[in-house]
Amino acid sequence: MDKCIVLIIIVAFGFSCQSQPEVEEQKKPNVLFIAVDDLRPMLGVYGDLNIKTPNIDRLASMGTMFEKAYCNVPVCGASRASLLTGLRPTRRRFLDYDTWAEKDAPGVTSLPAHFKKNGYFTASLGKIFHFADDMAKESWSVDPWRASYVRSNGKKSISRHYLLPENQQLDARGNGLRGPSYEQVNVPDSAYFDGQIAKRAIKKLNEFSQADTSFFLAVGFHKPHLPFNAPKKYWDMYPEEAISLAQNSFWPQDAPLEGWYGTGELRKYHGVPSEGPVPDSLAMKLVRGYKACVSYVDAQVGELLQTLESTGLDKNTIIVLWGDHGYLLGEHKLWCKHITFEKALHVPLLINAPGYQPGQRTQQLAEYVDLYPTLCDLAGLDQPEHLEGTSLVSLLNNPEGTGKEFITSRYLNMEAIKTDKFLYTEWIDSAGNVENRMLYDHTKDPDENVNVAEQNQYEKIVYELSQKLAKSIDDADTDSLTGND
């Protein structure tokens, strides 16, 4: 009898050992993919002592912070299309804010689509692709959801959200005219879009906590994109007397005027001069509004983190937070993005993955085409062949390890290459010739106030960077022509 019992135990233990790997293999890590529109690294964890972002700072302490991460295109639609397809921008694709990934890269499997193909439940809340319908059918398990409201003219809007009736009326005029560039109202967080998005995401996370399927939940916050609308309590965090303007509100010495873009995006808003400098009084309000919006979004991120922890999902969830590009707040007399200055290209990137050391920082270069292969590796998925970036997992293992020699970015006819010490830009004409150049030595001039491209002592640097940039452009263009898009 005792021998029979022992035999049963041995057999049962054998089956248990055989089935355990299958159970573990099925439990892929979840992904919480947080996109923040127009967020530059103006965060406490990135060294800004005048901003209040305790929740994003806490997220950074839980994972790895990339101090030198860069977007591949400094404009919303194109940057998101590049990141979500894992393809670099070229002169033929991902050109501007109104980019459709499915048109510029037909047949390519997007990041969420790849996870969906591998058994994940994928969902999009808020702004992920620039257009909600872009690659939607293949990317998401359910229709993408975006917050919306009905304007005073009866039309729905998802791009601008005003609560004050007078601002709604100004925004409803049409013909490219918009409401004011900022708004503060004493309302709860859920009165504006991002609070609504957070509430929907919390509901979704609670549902996921009761399900067995691994999820890829993309949550896209609208702020701090213009207009700078946020509940009053976030404005109150930043008294007017504590606001300071950019110290380099001038065009860089010897920089080509081709780079000047006139800040057209901002000038569409009511109360902003159609040309000429932005008055200091307005600039102060804009900087204050931007900071208020950053803290507003930070609070929503905190709600998501709290939900992950209260449901226990945090133990098996990869969290990524990224801003789609950098942003200028009066530096070089410019606002918004649309140029290859450091402020427009430098982005926040935080990755928290179960099993990796918390509280890490890396100064190795990273670019947004690296995110797709990184998430594949972290989730144990094969990388699609079309990907053009490099996984960052080695830097999660060793933040001081070897990284990239350089990253590249582009916008319109600007082509840029960034190394650890330099940022170099060329303006290319329709015949492929270099019309103008910018070179900034970040070891001596981190704020990019003097273009040294024509100075003799930098001649060798210009030549070397130009050669590397040309090869990078040729490689990307060749890929786009041979069907790798």
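Residue numbers (the numbering used here): 188 to 672. Backbone N, C-alpha and C fix where the C-beta goes; we use that ideal spot for every residue, glycine too.
Short Cβ contact (9 Å threshold) for residue i with residue j
| i | j | result |
| --- | --- | --- |
| Asn259 | Thr595 | yes |
| Ser311 | Pro299 | yes |
| Leu565 | Lys591 | no |
| Ala265 | Ala405 | no |
| Phe308 | Leu537 | no |
| Asp291 | Gly510 | no |
| Val481 | Met229 | yes |
| Glu602 | His519 | no |
| Leu558 | Leu532 | no |
| Val637 | Leu219 | no |
| Val465 | Pro418 | no |
| Met424 | Lys239 | yes |
| Thr549 | Leu392 | no |
| Val484 | Lys410 | yes |
| Phe593 | Leu652 | yes |
| Thr277 | Pro571 | no |
| Pro145 | Gly273 | In the structure as shown, the chain starts at 188 and stops at 672, and residue 145 therefore has no counterpart that could be examined. |
Continuous beta strand (DSSP E) stretch holding residue i: start and end
| i | result |
| --- | --- |
| Phe220 | Asn217 to Val223 |
| Pro418 | Phe415 to Pro418 |
| Ile243 | First-last for Ile243: Pro241 to Met249, but that is the alpha helix (DSSP H), not the beta strand (DSSP E). |
| Pro367 | Arg365 to Pro367 |
| Ser311 | Phe308 to Gly313 |
| Glu613 | Phe609 to Ile615 |
| Ala334 | Careful: Ala334 lies outside any beta strand (DSSP E) and carries neither H nor E. |
| Leu597 | As written in the sequence, residue 597 is Arg, which differs from the Leu given in the question. From DSSP, the beta strand (DSSP E) with Arg597 extends over Ile594 to Tyr598. |
| Phe402 | Phe402 to Phe408 |
| Asp424 | Sequence inspection shows Met at residue 424; the Asp mentioned does not correspond to that position. Where Met424 is concerned, there is no enclosing beta strand (DSSP E), given that its DSSP letter is neither H nor E. |
| Ala429 | Counting along the chain, Ala429 falls outside any beta strand (DSSP E), and DSSP gives it neither H nor E. |
| Asp628 | Val621 to Asp628 |
| Gly510 | Thr504 to Gly510 |
Whole-angstrom C-beta distance between residue j and residue i, which should lie under 8 Å
| i | j | result |
| --- | --- | --- |
| Lys502 | Pro545 | About 13 Å; that fails the 8 Å criterion. |
| Leu516 | Thr251 | Incorrect: roughly 27 Å between the Cβ atoms, too far for contact. |
| Phe316 | Leu357 | About 29 Å; that fails the 8 Å criterion. |
| Arg475 | Trp438 | Contact doesn't hold; Cβ gap of about 24 Å is too wide. |
| Lys303 | Ser326 | 7 Å |
| Tyr514 | Val262 | At roughly 11 Å, the Cβ-Cβ gap does not stay under 8 Å, so Tyr514 and Val262 are not in contact. |
| Ala479 | Phe408 | Actually they do not touch by this definition, with Cβ atoms about 14 Å apart. |
| Lys605 | Tyr257 | 6 Å |
Extent of the continuous alpha helix (DSSP H) to which residue i belongs
| i | result |
| --- | --- |
| Ile384 | Phe380 to Phe395 |
| Met270 | Sequence check: residue 270 is Leu here, not Met. Residues Cys263 to Thr272. |
| Ser326 | Ala323 to Ser326 |
| Leu574 | Premise fails: Leu574 is in no alpha helix (DSSP H) and is neither H nor E. |
| Gly476 | Asp467 to Thr498 |
| Glu602 | From DSSP, Glu602 is part of no alpha helix (DSSP H) but of the beta strand (DSSP E) over Met601 to Lys605. |
Buried/exposed call for residue i, threshold 16 Cβ in 10 Å
| i | result |
| --- | --- |
| Thr630 | exposed |
| Leu236 | exposed |
| Ser401 | buried |
| Pro208 | At Pro208, the pLDDT of 38 sits below 50, so the modelled position is not reliable; the number obtained from the coordinates is stated separately. The residue in question, Pro208, is exposed, as its Cβ has fewer than 16 Cβ neighbours within 10 Å. |
| Arg279 | exposed |
| Ile243 | buried |
| Gly576 | buried |
| Lys658 | exposed |
| Ala398 | exposed |
| Ala618 | exposed |
Inset, instruction - Assess, as a yes-or-no matter, whether the segment 380-389 is touched by the segment 428-440 under the definition of 3 or more beta carbon pairs within less than 8 Å. - result: no
Inset, instruction - Inspect the CB distances between the segment 617-632 and the segment 443-450 and report whether three or more fall short of 8 Å. - result: yes
Inset, instruction - Check whether the segment 456-464 touches the segment 364-379, taking contact to mean three or more Cβ pairs, one atom from each stretch, closer than 8 Å. - result: Judged by Cβ distances under 8 Å, the segment 456-464 makes contact with the segment 364-379, as three or more pairs qualify.
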